[in-house]
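Peer 1: Dropping the structure in here first, questions after.
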Amino acid sequence: ILNVEQSPQSLHVQEGDSTNFTCSFPSSNFYALHWYRWETAKSPEALFVMTLNGDEKKKGRISATLNTKEGYSYLYIKGSQPEDSATYLCAFAGTGNQFYFGTGTSLTVIP
Amino acid sequence: SAVISQKPSRDICQRGTSLTIQCQVDSQVTMMFWYRQQPGQSLTLIATANQGSEATYESGFVIDKFPISRPNLTFSTLTVSNMSPEDSSIYLCSVGVGRNTEAFFGQGTRLTVV
Chain A
4 ILNVEQSPQS
14 LHVQEGDSTN
24 FTCSFPSSNF
34 YALHWYRWET
44 AKSPEALFVM
54 TLNGDEKKKG
64 RISATLNTKE
74 GYSYLYIKGS
84 QPEDSATYLC
94 AFAGTGNQFY
104 FGTGTSLTVI
114 P
Chain B
110 SAVISQKPSR
120 DICQRGTSLT
130 IQCQVDSQVT
140 MMFWYRQQPG
150 QSLTLIATAN
160 QGSEATYESG
170 FVIDKFPISR
180 PNLTFSTLTV
190 SNMSPEDSSI
200 YLCSVGVGRN
210 TEAFFGQGTR
220 LTVV
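Listed below in structure tokens is the structure:
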């Protein structure tokens with residue numbers, strides 16, 4: 004079983020604050036790293052799929068970086084809004100078809 | 110992209126009973142995946158369901174406890190059998206075409222066993 008860790012486990016920030024989360028994964032047999040956003044009672048939705056070391060991706064106020072050599076990815080949210088409140092999951096893809104998920108970071112943005 | 114309709118969204122069940130969860134996809138897909146998230150734990154793959162063949166189960170999951178059907182390329186069911194409180198979890202179905210493309214998920218089934 005591969006170990007994918009996310010930190011922090013939960014986070015409360017004020018509206019307008021910027022924040023970031025970490026996903027740590029094995030640095031060997033890397034194929035891809037996914038980030039998903041999961042709101043309560045909704046389907047997890049993909050934010051980013053990252054495959055190359057040094058990758059940086061951006062979608063609006065959310066961005067992510069990838070370091071495959073040391074096995075970590077950061078997700079950044081700039082100017083958090085209440086609608087950003089959700090659980091953010093990362094998933095490691097190595098050999099085989101299986102994804103290995105972290106336990107998620109639960110973000111609450113306080114108006 | 111794919112849109113997945115998963116039912117039921119939640120249920121409260123008595124121990125010893127069984128619950129069948131359904132997932133309907135709006136397009137034909139080769140593989141469907143079933144995940145479980147126990148409280149405080151990560152999403153864990155239960156099994157991979159291919160149309161026309163037996164599902165492939167991950168270590169720690171067995172067909173007698175989690176029988177899966179895949180009658181066609183747009184539909185699958187997962188049954189949680191002889192339930193105990195330890196089966197209280199969120200169950201998710203998912204589809205995807207590869208490791209470097211995004212996966213799509215159902216809305217999840219929140220199961221509580223009492």
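So the protein lines, in turn, are chains A and B.
Note that the numbering used here has the first sequence beginning at 4, numbered continuously upward.
Note that the numbering used here has the second sequence beginning at 110, numbered continuously upward.
We put the CB at the ideal spot given by N, CA and C, even for glycine.
The model shown is predicted, which means the values in this text are computed figures rather than measured ones.
#1: Which value, in whole angstroms, describes the spacing of the CA atoms of residue 67 of chain A and residue 95 of chain A?
#2: Thinking C-beta only, is residue 218 of chain B closer than 9 Å to residue 201 of chain B?
#3: Shorter than 9 Å from the beta carbon of residue 56 of chain A to some beta carbon of chain B?
#4: Leaving out the 5 sequence neighbours to the left and right, which residues in its chain are closer than 6 Å to residue 205 of chain B when beta-carbon positions are compared?
#5: With a threshold of 16 other CB atoms inside 10 Å of the CB of residue 44 of chain A, please say whether the residue is buried or exposed.
#6: Specify, as a first and last residue, the run of the beta strand (DSSP E) that residue 80 of chain A falls within.
#7: How many angstroms separate the CA atom of residue 62 of chain A from the CA atom of residue 126 of chain B?
#8: List the residues of chain B whose Cβ lies closer than 7 Å to the Cβ of residue 128 of chain A, in chain order.
#9: Report yes if the CB atom of residue 25 of chain A is closer than 9 Å to the CB atom of residue 10 of chain A, and no otherwise.
#10: Since residue 138 of chain B is in the beta strand (DSSP E), which residue starts that stretch and which ends it?
#11: Taking CB distances under 9 Å as the criterion, tell me whether residue 79 of chain B reaches chain A.
#12: What separation, rounded to the nearest whole angstrom, lies between the Cα atoms of residue 72 of chain A and residue 57 of chain A?
#13: Counting only C-beta atoms, is residue 73 of chain A closer than 9 Å to chain D at any point?
#14: Could you check the C-alpha separation between residue 197 of chain B and residue 140 of chain B for me, to the nearest Å?
#15: Tell me residue 257 of chain B's beta-bridge partners as DSSP assigns them.
#16: Are the segment 110–119 of chain B and the segment 29–39 of chain A touching by the rule of at least three beta carbon pairs closer than 8 Å?
#17: Considering only the alpha carbon of each residue, which of B:151, B:223, B:145, B:153 lies closest to residue 191 of chain B?
#18: Nearest to residue 161 of chain B by alpha carbon, out of B:152, B:170, B:185?
#19: Taking residue 95 of chain A as part of the beta strand (DSSP E), name the residues at either end of that continuous run.
#20: Could you give the residue range of the beta strand (DSSP E) that holds residue 119 of chain B?
Peer 2: Walking through what the data contain:
#1: 14 Å
#2: yes
#3: no
#4: 212
#5: exposed
#6: 75–80
#7: 45 Å
#8: Residue numbering for chain A in the displayed model covers 4 to 114; residue 128 of chain A lies beyond these limits and cannot be assessed.
#9: yes
#10: From DSSP, residue 138 of chain B is part of no beta strand (DSSP E); its letter is neither H nor E.
#11: Since the first residue shown for chain B is 110 and the last is 223, residue 79 of chain B is missing from the structure and cannot be characterised.
#12: 9 Å
#13: Of the chains in the structure shown, none is chain D; the protein chains are A and B.
#14: 25 Å
#15: In this structure chain B extends from 110 to 223, so residue 257 of chain B is not present and cannot be described.
#16: no
#17: B:223
#18: B:185
#19: 89–96
#20: 119–122
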